[in-house]
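Protein chains in written order, with this note's numbering: chain A, 27 to 188; chain B, 68 to 395. We treat Cβ as the ideally placed atom computed from N, Cα and C, and that holds for glycine. Small disclaimer: the values here were computed from a predicted structure and weren't measured. Worksheet for the structure shown next.
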């Protein structure tokens, strides 16, 4: 019972941390390098725990929270995270057994796909096309992926939680 | 059946239920986005949510504020002292400037008052503020903030620090309309300062220039010559600068030289102008002598001496006064 609660806290805390990290203000030159933290953490949990914890509803809720916090169009991130989690869950078994570099590439592809979705939404909303630096963020996210994955795994091992 | 499939192996499985759910959520997100984009009722939800969200922002900005606090805490003492010193000097300088500005403002106020009520040597002037300017191709007028209540009369001359601006052509209760010297309908008798040559400067249609269309071919006029009011015609007092010759070219008719002059007054920039109060003494054409006196033997001498001057001004000034005053 206690252990389950710790597990749940750990899970929720990581997601909250992701949302917080998304909000942390950075100096303007660093802004395009900020990875999309909620997507990374959701991906991690989707690969790690699969359907038991991460499902589309959760992704939708997290996305809505992110939308509210970020002040962007309501539903935009919800849609992106849903698509991301759906693909990740669909290919979960394969992604899990990829070597790390392949997994990183897959994450990069997912994040790029996410950006394309965002671009489509923005175009429909009538916003201007973003600059080239807008595309840096997925690469930063993919570069951080192995470290994030290993760190989270290591912490989980140490805390002895599932 | 469906249950069995879901449990069987998610290895390559694509369950129809999962896809349906995805479509459902995507559609939901789309609906939300459209509603939000159209600014429906969603904004109210956002407003209430933003109250909840605010502490989260505070929390998220903690690292940044912490970094700033740390940078202050760990920054070099020397840098801080230097910065302090520099700021002190800046403050001192700014204060000094402020003081001087206050003094200048006071002086300005005093001067304005002086000017307003001044009865100086020969200039009885009144300060007026320009309210509106109409600088078109066919009309160059400005509106000033004094009128018949302030004792303004039609025909008063308006000047600024650099020269003649124009004359009052219409007086209303609190405002008056001034015709600028560059108005196409305006003419002003001038004299060229260097040579004393008398002529008439008309306003022109091409921008803010004065036109002197009838200078005789033999006249000695050069670009750079200054134009003063000649005082002929009795409307403009003599000796006020009017303009400066820009170019002299033969007129299209070939009979005269045509000069272009730039007005010296800041027609398009001045904010405060001066109204000359007492009109110029009637130095223009003298009253026609009434041949009343019987001593006919004295008459030829004064008439011979006074006759030539009036004859020229009459010729030159006639269009000026007629066009200048007949306009309104």
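Please confirm if residue 101 of chain A has its CB atom under 8 Å from at least one CB of chain B. In the first chain, the residue the question calls residue 101 of chain A occupies position 75. It does: the Cβ of residue 101 of chain A has a partner Cβ on chain B nearer than 8 Å.
Requested in this report: Could you tell me the distance, in whole angstroms, from the CA atom of residue 100 of chain A to the CA atom of residue 83 of chain A?
Outcome: Looking up residue 100 of chain A in the first chain gives position 74. Looking up residue 83 of chain A in the first chain gives position 57. Between residue 100 of chain A and residue 83 of chain A, the C-alpha separation is close to 16 Å.
Under 8 Å: do the region 296–304 of chain B and the region 243–260 of chain B share three or more Cβ pairs, one atom per stretch? yes
Taking residue 228 of chain B as the reference, which of B:101, B:105, B:331 has the closest Cα? Counting from one through the second chain, the residue named residue 228 of chain B turns up at place 161. Ranking the options by Cα distance to residue 228 of chain B, first place goes to B:331.
Checklist line | Buried versus exposed call for residue 134 of chain B [16 or more other C-beta atoms within 10 Å across all chains shown] | finding: Mapped onto the second chain, residue 134 of chain B falls at position 67. Residue 134 of chain B comes out exposed.
Endpoints, the alpha helix (DSSP H) within which residue 323 of chain B is located
The residue given as residue 323 of chain B occupies position 256 in the second chain. Per DSSP, residue 323 of chain B belongs to no alpha helix (DSSP H); it is in the beta strand (DSSP E), 323–330.
Where does residue 134 of chain B fall in DSSP's three states?
The count along the second chain starts at 1 and reaches residue 134 of chain B at position 67. Helix, per DSSP.
Using beta carbons (cut-off 8 Å, strictly below), is residue 151 of chain A in contact with chain B?
Position 125 of the first chain holds residue 151 of chain A. So, interface residue.
Would you decide whether residue 154 of chain B is buried or exposed? Buried here means 16 or more other CB atoms lie within 10 Å of its CB.
Residue 154 of chain B sits at position 87 when you count from the first residue of the second chain. Residue 154 of chain B comes out exposed.
Review point. In chain B, what lies closer than 7 Å to residue 95 of chain A by C-beta?
Key: Counting from 1 along the first chain, the entry for residue 95 of chain A is found at position 69. Within chain B, the residues near residue 95 of chain A are 120, 123.
**Item:** residue 297 of chain B in three-state terms, based on DSSP
**Value:** For the purposes of this step, residue 297 of chain B is taken as the residue at position 230 of the second chain. It is coil, neither helix nor strand.
Run of the beta strand (DSSP E) containing residue 339 of chain B, from where it starts to where it stops:
The residue labelled residue 339 of chain B in the question sits at position 272 within the second chain. Counting along the chain, the beta strand (DSSP E) containing residue 339 of chain B begins and ends at 339–343.
Taking a cut of 7 Å between CB atoms, which residues from the region 38–58 of chain A lie near chain B?
46, 49, 50, 51
- prompt: Between residue 137 of chain B and chain A, is there a C-beta pair that is closer than 8 Å?
  reply: Within the second chain, the letter at position 70 stands for residue 137 of chain B. Not one chain A Cβ lies under 8 Å of residue 137 of chain B.
Ordered list of beta strand (DSSP E) runs contained in the region 120–175 of chain A, each at least 3 residues
none
Self-check item: Contact list for residue 145 of chain A against chain B, beta-carbon separation under 9 Å
Solution: Here the question's residue 145 of chain A lines up with position 119 in the first chain. The contacting residues do not exist; residue 145 of chain A stays about 14 Å from chain B at best.
Say the cut is 7 Å; is the CB of residue 118 of chain A nearer than that to a heavy atom of the ligand FMN?
The ligand content of the structure shown is nil, which means the ligand FMN is not present either.
Does the pairing of the region 111–125 of chain A with the region 114–131 of chain B give three or more beta-carbon distances under 8 Å?
no
Cβ of residue 242 of chain B within 8 Å of Cβ of residue 270 of chain B? What you label residue 242 of chain B is simply residue 175 of the second chain in a count that begins at 1. What you label residue 270 of chain B is simply residue 203 of the second chain in a count that begins at 1. No, they are not a contact pair.
Task: Residues sharing a beta bridge with residue 166 of chain B, DSSP - done: Here residue 166 of chain B refers to the residue found at position 99 when the second chain is read from its first residue. None, per the DSSP bridge assignment.
Three or more C-beta pairs closer than 8 Å, one from the region 287–295 of chain B and one from the region 303–316 of chain B: is that the case here?
-> yes
>> If the cut-off is 8 Å on Cβ atoms, which residues from the region 98–132 of chain A count as contacting chain B, listed in chain order?
In response: 99, 100, 101, 102, 104, 105, 108, 109, 112, 115, 116, 118, 119, 120
| task | Could you have a look at residue 40 of chain A and say whether DSSP puts it in helix, strand or coil? | result | Translated into the one-based positions of the first chain, residue 40 of chain A becomes position 14. Reduced to three states, the DSSP call for residue 40 of chain A is helix.
**Message:** Looking only at its chain, what residues have a beta carbon closer than 7 Å to the beta carbon of residue 174 of chain A, apart from the 5 residues adjacent to it on each side?
**Reply:** Translated into the one-based positions of the first chain, residue 174 of chain A becomes position 148. So the qualifying residues of the chain are 66, 70.
### Message
For a cutoff of 8 Å on Cβ pairs, would you count residue 86 of chain A as touching chain B?
### Response
Here residue 86 of chain A is taken as the residue at index 60 of the first chain, counted from 1. Chain B contact via Cβ: present.
Practice task
Run down chain B in chain order and give the residues with a C-beta less than 9 Å from the C-beta of residue 35 of chain A.
Solution key: Locating residue 35 of chain A in the first chain gives position 9, counting from the first residue. Those within 9 Å of residue 35 of chain A in chain B number zero; the least Cβ separation is about 17 Å.
Fill in: Unbroken alpha helix (DSSP H) run spanning residue 195 of chain B, endpoints
As a working mapping, residue 195 of chain B is identified with position 128 in the second chain. Note, residue 195 of chain B: premise wrong, no alpha helix (DSSP H); beta strand (DSSP E) at 192–202.
**Message:** Contact criterion: CB-CB distance below 8 Å. Does residue 177 of chain A meet it with respect to chain B?
**Reply:** Numbered from its first residue, the first chain carries residue 177 of chain A at position 151. For residue 177 of chain A, the answer is no, since every Cβ of chain B falls outside 8 Å of its Cβ.
In this structure, how does DSSP classify residue 284 of chain B when only helix, strand and coil are distinguished?
Within the second chain, the letter at position 217 stands for residue 284 of chain B. Correct three-state label for residue 284 of chain B: coil.
From the DSSP output, read off the bridge partner residues of residue 317 of chain B.
As a working note, residue 317 of chain B is residue 250 in the second chain. In the DSSP output, where bridge partners are listed per residue, residue 317 of chain B has B:324.
| query | Are there 16 or more other CB atoms within 10 angstroms of the CB of residue 170 of chain B, so buried, or fewer, so exposed? | reply | The sequence position of residue 170 of chain B within the second chain is 103, counting from 1. Exposed, by the Cβ-count rule.
According to the neighbour-count rule (16 or more other Cβ atoms, all chains shown, within 10 Å of its Cβ), is residue 57 of chain A buried or exposed? Against the first chain, residue 57 of chain A aligns to sequence position 31. Exposed.
Examine chain A for any beta-carbon lying closer than 8 Å to the beta-carbon of residue 105 of chain B, and answer yes or no.
Taking the second chain and counting its residues from 1, the one referred to as residue 105 of chain B is at position 38. Chain A contact via Cβ: absent.
Three-state secondary structure assigned by DSSP to residue 51 of chain A: For the purposes of this step, residue 51 of chain A is identified with residue 25 of the first chain, where counting begins at 1. Coil.
By the DSSP assignment, the alpha helix (DSSP H) with residue 64 of chain A in it spans what residues?
On the first chain, position 38 is the one that residue 64 of chain A refers to. Residues 63–75.
Take every Cβ of the region 121–132 of chain A, pair it with every Cβ of the region 144–161 of chain B, and state whether three or more of those distances are shorter than 8 Å.
no
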